[in-house]
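The structure appears below as structure tokens.
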Amino acid sequence: MDFSLPHSFCFFLLLLLPFSTDGQTYRNITLGSSLTAANDNSSWTSPSGDFAFGFQQIGDDGFLLAIWFNKIPERTIVWSANRNDLVQRGSRVQLTTDGQLVLDDQSGTQIWSTINSGGIAASYAAMLDTGNFVLASQSAANLWQSFEEPTDTMLPTQTLSQGRELIAPYLEKNYSDGRYMFALQPDGNLSLYTTRYPSTVSNFAYWSTQSSIARNGTVINTVFSIQVSMQGFYQRATLDYDGVFRHYVYPKTAASSSRNGDMAWTTSSFVPSNICTAIQGQVGSGACGYNSVCRLGEDQRPRCECPPGYTFVDPNDLRKGCKTNFVSQDCDQPSQGTDGFELEVMPNANWPFNDYEFFGSVSEDWCRQACLSDCYCAVVIFNPAGQCWKKRIPLSNGMIDPDTYGTKALIKVRKGNSTAGSCAKKNDRSTLIITGSVLLGNSVFLNVISLLGIYVFFSRMNRQKAKMILPHNVLPDVNLVSFTYNELETATGGFKEELGSGASGIVYKGLLDNEDTPLVAVKKLYKMIREGEQEFRTEVKVIGRTNHKNLVQLLGFCEEGQQRLLVYEYMSNGSLSNYLFGDSRPNWYQRMQIACGVARGLLYLHEECSSQIIHCDIKPQNILLDDSLNARISDFGLAKLLKTDQTKTITAIRGTKGYVAPEWFKKLPVTTKVDIYSFGILLLELVCCRKKFELDAMEEDQIVLADWAYDCFKEEKLDLLVLEDEEAMEDMRRVESFVMIAIWCIQEDPSLRPGMKKVLQMLEEAVQVPIPPDPASFISSI
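Below you can see the structure in the form of structure tokens.
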């Protein structure tokens, strides 16, 4: 089930001014009051009894000082003070006589305390019916409140200040800091991040939503939509241990339950829609651990699985990943590959960031043999297009993705899945004895070699440190590497090798002294005065906040004097334009995959990223292809951002002739539908493997591709579009479907064009494609 934003979630995290306690009924907790960790579960409750503050026993590990839903049998915890440091029986929390809340362990050592606000001592404490625990002054002003120090859960009316965040628990019943964070950025953007566990430093964002900054500096954001009564249901929004932010509801009465299900917590909404595919980054293991895969269950919750021949490192903590349960292939005996190993199939599985070799136009048997004969190859990915990727361990970001159209993972395992026998052990022992003798006999020589190795290692480390480019955040809320102009001039060899050029600048190939991303594409913007600088800042802010597998990743930038440069990841297969209109025609399957990839990228820009983005210049030259021929949308220099309260805008004409929507020329409001139009033209080019205009076409009516395609559709002669393509000719049902989708996209009337979500559903055959009208009918009516 897909929950697109910004309007599908509406649990109001009203990030407003500090919550007013006016009208709240207090059950005052006097100075000197205390609670002791014991089995009696003594607590301080709110006036209605809905919430309680006290000690919760967590298995046999100890006690958590917490706030929980008190009328629910399972006593769901919504806040805790000592999540990383459980205390034992006999520990005590006390509201001291000087107005501080202090937690001491059984030996009297202070574990946690509230921070004295402005030196004013609290006169009393109270557990409110909102779930907020407060320390208040004599004048009822809140000096400290649990709402200001959230852990993993937000409640209705709760505030989230800048600099505060939610940290997911490590496991469902392990409340210590986990691997995910929900944070508020300075511009009001709310995002979900992975963390550099065990620290809570953010890594990269895998989901974000629209926000706006109020004049008083506070942020108002609608994350979830309220679909149930606040009076009839308890509600909470929790960042769960699996990285999914969920809106939960629980009926307060049996009458409410009969309308909404059982007397239990049920999930109303959640983001992201698929955590398995949402988390994709060069750093970290992904949604599950290394060497494992993440599969989305029927309940929309992720499941971590091991590939064939692998077992979990820790069955009690599946996110620690998987390990082989067989002896790996020996590189000293390469013949073992075909004799002692085999490949087991895992459909739709992939580990996107572990490729070390790629082959195109090969058979599955060839791909299998290539992996079996390679001692480094642990997995090989093969798809129906004849593409083959070798991967080595540790495997990261593993996922089961049903949208991969027949792609399969071939997992290398030992035949019979057995470990080495006694002969192998005997040989190993003999080898050990011989090796040991040699080592002892040559210890002086080895010591010299070791010292030399240490010297070389540290020399290289020092050189790397000298060349390392440290992050320098020039633009707010963008975490990118800042390069000097000289560094990029050196990396590009004096801007020698040109990869391409556009309206805003020239792109050069560069080489960084960086093992992770050595090859880069450096875009040098033209020296335009005001508009050029604005274009630069727009592109940096837009791409710096985006994170999607079908977008080109921005790695850094340079803003030095009049120089403006952008540094992107390098796309080895160049632009779609060169690939599509080159000497060799890409096969039909590859073109379908590229079309779906571009659609997914546009869907992200239009509906799923932090601010709705209109690209404004979708064309083959701005679609790049990575090593796996995945489509990556590039060149955001013409991107038009919409603020959260906008759905359309009036702006100067942007884009490239032939791909520009008619409304640009009619002074009509410009919306995301301009990108839909451009995508429609691009889709026709993908189907036909020809450009939008061809003046040397065989017939005059074939010059304009859009007109010719509609004529062929109307006259039921679509085969003319793909005459020289045998694969497409054998799949005319999909050809017709793609052409019909393209015709819907290029409707002159913007209101008739479908949104990108509907376009993607039609491309993936999730919904039926209706018969499109004549695209020019809108023009003839005005």
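So the sequence shown is residues -23 to -1, 1 to 759, counted in mature numbering (1 follows the signal peptide of the UniProt record, and there is no 0). Virtual Cβ for every residue (Gly too), placed ideally from N, Cα, C.
Among the options, the one whose alpha carbon lies nearest that of residue i
{"i": "residue 707", "options": "730, 575, 470 and 564", "result": "564"}
{"i": "residue 715", "options": "475, 727 and 740", "result": "740"}
{"i": "residue 77", "options": "6, 722 and 47", "result": "6"}
{"i": "residue 479", "options": "597, 347, 372 and 562", "result": "597"}
{"i": "residue 474", "options": "458, 496 and 704", "result": "496"}
{"i": "residue 369", "options": "267, 377 and 129", "result": "267"}
{"i": "residue 259", "options": "146, 18, 143 and 374", "result": "374"}
{"i": "residue 661", "options": "719, 261 and 250", "result": "719"}
{"i": "residue 372", "options": "55, 379 and 389", "result": "389"}
{"i": "residue 657", "options": "13, 328 and 722", "result": "722"}
{"i": "residue 767", "options": "520, 542, 517 and 537", "result": "As displayed, the chain neither begins before -23 nor continues past 759, which places residue 767 out of reach and without an answer."}
{"i": "residue 67", "options": "393, 215, 39 and 346", "result": "39"}
{"i": "residue 750", "options": "47, 687 and 262", "result": "687"}
{"i": "residue 246", "options": "224, 229 and 697", "result": "224"}
{"i": "residue 330", "options": "257, 353, 63 and 482", "result": "257"}
{"i": "residue 91", "options": "70, 502 and 283", "result": "70"}
{"i": "residue 581", "options": "736, 670, 476 and 680", "result": "736"}
{"i": "residue 221", "options": "676, 302 and 252", "result": "252"}
{"i": "residue 536", "options": "530, 548, 552 and 517", "result": "517"}
{"i": "residue 528", "options": "538, 540, 546 and 534", "result": "546"}
{"i": "residue 29", "options": "46, 341, 610 and 305", "result": "46"}
{"i": "residue 646", "options": "464, 391, 726 and 97", "result": "726"}
{"i": "residue 152", "options": "676, 15 and 60", "result": "60"}
Unbroken beta strand (DSSP E) run spanning residue i, endpoints
{"i": "residue 173", "result": "Careful: residue 173 lies outside any beta strand (DSSP E) and carries neither H nor E."}
{"i": "residue 87", "result": "87 to 90"}
{"i": "residue 213", "result": "210 to 216"}
{"i": "residue 119", "result": "119 to 122"}
{"i": "residue 356", "result": "356 to 359"}
{"i": "residue 497", "result": "496 to 502"}
{"i": "residue 534", "result": "531 to 537"}
{"i": "residue 484", "result": "482 to 488"}
{"i": "residue 386", "result": "385 to 391"}
{"i": "residue 367", "result": "365 to 368"}
{"i": "residue 736", "result": "Careful: residue 736 lies outside any beta strand (DSSP E), inside the alpha helix (DSSP H) at 733 to 740."}
{"i": "residue 11", "result": "11 to 13"}
Any non-hydrogen atom of the ligand GDP within 8 Å of residue i CB
{"i": "residue 524", "result": "As far as ligands go, the structure on display features none, and thus does not contain the ligand GDP."}
Cross-strand partners of residue i (DSSP beta bridge)
{"i": "residue 230", "result": "In DSSP, residue 230 forms no bridge with anything."}
{"i": "residue 151", "result": "148"}
{"i": "residue 242", "result": "Paired residues: none, contrary to the question."}
{"i": "residue 248", "result": "222"}
{"i": "residue 141", "result": "The partner list for residue 141 (beta bridge, DSSP) is empty, contrary to what the question assumes."}
{"i": "residue 300", "result": "288"}
{"i": "residue 280", "result": "272"}
{"i": "residue 130", "result": "215"}
{"i": "residue 670", "result": "681"}
Buried/exposed call for residue i, threshold 16 Cβ in 10 Å
{"i": "residue 745", "result": "exposed"}
{"i": "residue 450", "result": "For residue 450, the predicted model reports a pLDDT of 44, less than 50, meaning its position is unreliable and no value from the coordinates is stated."}
{"i": "residue 154", "result": "buried"}
{"i": "residue 121", "result": "buried"}
{"i": "residue 150", "result": "exposed"}
{"i": "residue 594", "result": "buried"}
{"i": "residue 140", "result": "exposed"}
{"i": "residue 109", "result": "buried"}
{"i": "residue 322", "result": "exposed"}
{"i": "residue 385", "result": "buried"}
{"i": "residue 292", "result": "exposed"}
{"i": "residue 747", "result": "exposed"}
{"i": "residue 760", "result": "No statement about residue 760 is possible, as the shown extent of the chain runs from -23 to 759 and does not include it."}
{"i": "residue 470", "result": "exposed"}
{"i": "residue 87", "result": "exposed"}
{"i": "residue 752", "result": "buried"}
{"i": "residue 213", "result": "buried"}
Range covered by the alpha helix (DSSP H) that runs through residue i
{"i": "residue 709", "result": "709 to 722"}
{"i": "residue 690", "result": "682 to 691"}
{"i": "residue 766", "result": "Here the chain comprises residues numbered -23 to 759, so residue 766 is not present and cannot be evaluated."}
{"i": "residue 464", "result": "462 to 468"}
{"i": "residue 705", "result": "703 to 706"}
Any chain C beta carbon closer than 9 Å to residue i
{"i": "residue 331", "result": "The structure shown has no chain C; it contains just one protein chain."}
Go through the stretch 31 to 113 residue by residue and report every complete run of the beta strand (DSSP E) that reaches 3 residues or more, in order.
-> Taking only runs of at least 3 residues, the beta strand (DSSP E) segments lying wholly in the stretch 31 to 113 are 39 to 46, 54 to 57, 69 to 72, 78 to 81, 87 to 90, 101 to 104 and 110 to 113.
Sequence ranges, beta strand (DSSP E) only - wholly within the stretch 546 to 606, length at least 3 = 600 to 602
Contained beta strand (DSSP E) runs [length at least 3] in the stretch 316 to 349, N- to C-terminal order = 318 to 324 and 332 to 336
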